[in-house]
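Chemist: One structure, as structure tokens, below. Some questions next.
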């Protein structure tokens, strides 16, 4: 597996290689959230689905890759419908 890049979570301020939700901002920049931080702070349904097992780091990455928990939010065209 390729080395993952470290990003800082805007929710908790921690910099690490844990899985993050990449969010495009209005000013064209990008923000990164840990899945559990984004689910808790912003109510992101995709991150809530990913982080539901309480896993972090490599365990969360493996869970997402193996189980694709966010798929339950997709329609038949692969578009995520989250509020």
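Residue numbers (the numbering used here): 15 to 97. Virtual Cβ for every residue (Gly too), placed ideally from N, Cα, C.
Name the DSSP beta bridge partners of residue 52, please?
Modeler: BP columns for residue 52 are empty, so no partner.
Chemist: Determine, using beta carbons only, whether residue 83 and residue 63 come nearer to each other than 8 angstroms.
Modeler: Yes.
Chemist: Between the C-alpha atoms of residue 18 and residue 65, what's the straight-line distance to the nearest angstrom?
Modeler: Each residue's alpha carbon lies about 19 angstroms from the other.
Chemist: Does residue 61 come out as helix, strand or coil in the three-state DSSP assignment?
Modeler: Here residue 61 sits in helix by DSSP.
Chemist: Smallest Cα separation from residue 51: which of 70, 38, 68 and 26?
Modeler: It is 26 whose Cα lies nearest to the Cα of residue 51.
Chemist: Sort 91, 81, 80 and 71 by Cα distance to residue 20 and report the nearest one.
Modeler: Residue 71 is the option with its Cα nearest to residue 20.
Chemist: Comparing alpha-carbon positions, which option in 38, 41 and 46 lies nearest residue 28?
Modeler: Answer by Cα proximity: 46.
Chemist: Among 42, 41 and 56, which has the Cα closest to the Cα of residue 24?
Modeler: Checked all of 42, 41 and 56; the closest Cα to residue 24 is 56.
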